[in-house]
DNA sequence: ATGTATTTGGAATATTTATTCCATTTCACA
DNA sequence: TGTGAAATGGAATAAATATTCCAAATACAT
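Protein chains in written order, with this note's numbering: chain F, 130 to 419; chain G, 130 to 419.
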């Protein structure tokens, strides 16, 4: 690959071997990075990926650090810097050291900076959701009912087929359950309601049902859960409060409180519970088979 | 002034020439600084003053920089570092560089901790995912490309219809986008592939497409995105790296790094980006209509 | 298959940066 | 104003770090 030509071509300069000017701002840096990342040989691609994901660290890292992080020799990093238009690593680092002025981008500071922007700016909104997500996770770690979690794992790992239901807001969670179970070879069916077919006949004794539902509780979810109980199919419930409908029918109730931002609520903690539950169940089933 | 005596006196050790331990946290550093600053000769006082007021620059400055800032020769700075209990400038700088890097997905230390603990019980597994989620969110706050986020919001808020595509692992995210857009009355279509219908004819000029894809990138997602570009439909991409396919075609690339636990990865940060993006777009569209 | 161009790793070198050391200056006190 | 102890500056050296270069490996085209 002929580096200079390639980069010139990307810039439509049409002049070969022209010396490329170095990016003079972080924004320009990211642009250049994106531009050259299109087509790179293996080692340089590793550099691009690592640097894209760890841009902040350049200011305080040596070539050797970056090289180790990207799992390439130092010379590859040097080549990469030059590919970006810098004379070498030092020049690139200077860009980031100069920009460092705004203090420690530790999580707290950075978050404050993000929120500082205009009230409605996308970054401010993102910062709010990040914060809400973190609070939700913290809260979850403190308040989740261990017994219920253990029961849920026990119930699900003994089931022949795991059925999953969740609508509207809870549908992504249900879909995520289905994805992990599929990946881990656990027989599972997602009751997604396509074509208004409810597959309720597929709910058979020996199976189990995971129902995910938050206020306002979706009709179909409640209906399927009720049917499950009628058929003696045990129910694992992911919901927002112990007083939600179905709670008394369930073998295990996992209550999850999401911290909201305005009228909005991201299912951060719910996802964590879902993935942990699914992985634990898959592990338990595997163990039981051996 | 007899340095060692003075410092020992401040520590009430009463033993002269004892080697002083270096501060091991920024807090300890500030304390030590305050303690010795009480009575210093001229040049060392200049060092103390400058360093107290520019602590944050230590991580990215050389001895010469600090010396110039404090208007003293480099050797004075060296003496000052030793007075604080460090072996030299490098050791002091390390403290600040480490503090700066804390909280990054540090694959050497942090992940080993995560994977190291025998995560047998469901509760332990959950704790791991909670921790991974927290790290992902922190990392997101620090590293998300603000420009790209703003561009994404601009592009999507001008679109007539917003199309969404995401398969397998990314499907729950795509579904969540669809849910929020529906709730906020933003015209949106989820390309879920039910019945192998691809709805590709619905992609029309004036629309925009959100594609969510992580390695290994799903065929259908790539195909639809390619089609969008052919029809001049702008593309907003949520993906794992800048070098992923489609990145060059996209109007905005939002790279999101999820911290994994073992082979598993919860889309915690991705969800946060999705909800923030969707809400920002809905807000922008509402504003535009008024 | 064969030759050519690209890519790669690492050893050699250059450069920058940290650290020590000591001759000189400054200061406190008689 | 002379004397010893402390403080200072800068030159010399050591260490770390960046950068180059080239032989070997690999990919690519014919």
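Every residue, glycine too, gets a C-beta built ideally from N, C-alpha and C.
Using a cut-off of 8 Å between C-beta atoms, extract the partners of residue i located in chain G.
i, result
"residue 396 of chain F", "305 and 400"
"residue 218 of chain F", "Residues of chain G passing the Cβ test: none, with the nearest at roughly 14 Å."
"residue 203 of chain F", "Correct list: empty, because the minimum Cβ distance to chain G is about 18 Å."
"residue 174 of chain F", "372"
"residue 178 of chain F", "370, 371 and 372"
Would you kindly check if the distance between the Cβ of residue j and the Cβ of residue i is under 7 Å?
i, j, result
"residue 395 of chain F", "residue 400 of chain G", "yes"
"residue 433 of chain F", "residue 198 of chain F", "Only positions 130 to 419 of chain F appear in this structure, which leaves residue 433 of chain F out of reach."
"residue 170 of chain G", "residue 161 of chain G", "no"
"residue 344 of chain F", "residue 361 of chain F", "no"
"residue 404 of chain G", "residue 258 of chain F", "yes"
"residue 309 of chain G", "residue 407 of chain G", "yes"
"residue 305 of chain G", "residue 301 of chain F", "yes"
"residue 166 of chain G", "residue 177 of chain G", "yes"
"residue 201 of chain F", "residue 175 of chain F", "yes"
"residue 383 of chain G", "residue 367 of chain G", "yes"
"residue 228 of chain F", "residue 155 of chain F", "yes"
"residue 282 of chain F", "residue 410 of chain F", "yes"
Is residue i helix, strand or coil by DSSP?
i, result
"residue 295 of chain G", "strand"
"residue 385 of chain F", "coil"
"residue 201 of chain G", "coil"
"residue 401 of chain G", "helix"
"residue 244 of chain G", "Here residue 244 of chain G scores only 45 on pLDDT, less than 50, and its place in the model is too uncertain to base an answer on."
"residue 368 of chain G", "strand"
"residue 393 of chain F", "strand"
"residue 167 of chain F", "coil"
"residue 191 of chain G", "coil"
"residue 362 of chain G", "coil"
"residue 407 of chain G", "helix"
"residue 280 of chain F", "helix"
"residue 341 of chain G", "strand"
"residue 421 of chain F", "Missing from the structure shown is residue 421 of chain F; chain F here goes from 130 to 419 and no further."
"residue 139 of chain F", "Here the model assigns residue 139 of chain F a pLDDT of 35, short of 50, so the residue's position is not dependable, and the following value carries that caveat. Helix, per DSSP."
"residue 415 of chain G", "helix"
"residue 290 of chain G", "coil"
"residue 183 of chain F", "coil"
"residue 215 of chain F", "coil"
Taking C-alpha atoms, which residue in the options lies nearest to residue i?
i, options, result
"residue 359 of chain G", "G/336, G/259, G/268 and G/319", "G/336"
"residue 294 of chain F", "F/260, F/351, F/281 and F/268", "F/351"
"residue 316 of chain F", "F/340, F/252 and F/286", "F/286"
"residue 289 of chain F", "F/301, F/252 and F/331", "F/331"
"residue 365 of chain G", "G/373, G/341 and G/345", "G/341"
"residue 291 of chain F", "F/249, F/260 and F/354", "F/354"
"residue 270 of chain G", "G/165, G/419, G/397 and G/175", "G/397"
"residue 346 of chain F", "F/402, F/373 and F/326", "F/373"
"residue 192 of chain G", "G/327, G/217 and G/383", "G/217"
"residue 275 of chain G", "F/150, F/281, F/272 and F/256", "F/256"
"residue 164 of chain F", "F/212, F/190 and F/194", "F/212"
"residue 182 of chain F", "G/273, G/326, G/378 and G/253", "G/273"
"residue 314 of chain G", "G/219, G/419, G/414 and G/267", "G/414"
"residue 326 of chain F", "F/349, F/312, F/339 and F/334", "F/349"
"residue 150 of chain G", "G/379, G/261 and G/220", "G/220"
"residue 203 of chain F", "F/307, F/390 and F/173", "F/173"
Give the residues of chain G in contact with residue i, contact being defined as C-beta atoms less than 7 Å apart.
i, result
"residue 258 of chain F", "401, 404 and 405"
"residue 252 of chain F", "275 and 278"
"residue 189 of chain F", "188, 189, 226, 229 and 230"
For my contact list, residue i and residue j are in at a C-beta cut-off of 8 Å; report their separation, rounded to the angstrom.
i, j, result
"residue 263 of chain G", "residue 263 of chain F", "6 Å"
"residue 381 of chain G", "residue 277 of chain G", "5 Å"
"residue 188 of chain G", "residue 159 of chain G", "The pair is not a contact, with the Cβ atoms about 15 Å apart (cut-off 8 Å)."
"residue 296 of chain F", "residue 322 of chain F", "7 Å"
"residue 265 of chain G", "residue 388 of chain G", "5 Å"
Starting from the beta carbon of residue i, find every residue of chain G whose beta carbon is closer than 9 Å, and list them in chain order.
i, result
"residue 249 of chain F", "409, 412, 413 and 416"
"residue 166 of chain F", "370, 371, 372, 376 and 377"
"residue 171 of chain F", "Chain G residues near residue 171 of chain F: none, gap ~11 Å exceeds 9 Å."
Output, in chain order, the set of chain F residues within a Cβ distance shorter than 7 Å of residue i.
i, result
"residue 393 of chain G", "404 and 408"
"residue 282 of chain G", "251"
"residue 262 of chain G", "266, 397 and 401"
Chain F partners of residue i, CB-CB under 9 Å?
i, result
"residue 388 of chain G", "In chain order: nothing, as chain F lies at least about 11 Å away."
"residue 308 of chain G", "297, 298, 300 and 301"
Which residues of chain F have a Cβ atom closer than 8 Å to the Cβ of residue i, listed in chain order?
i, result
"residue 152 of chain G", "Going along chain F, no residue has its Cβ under 8 Å from residue 152 of chain G, so there is no contact; the nearest lies around 17 Å."
"residue 382 of chain G", "163"
"residue 323 of chain G", "323"
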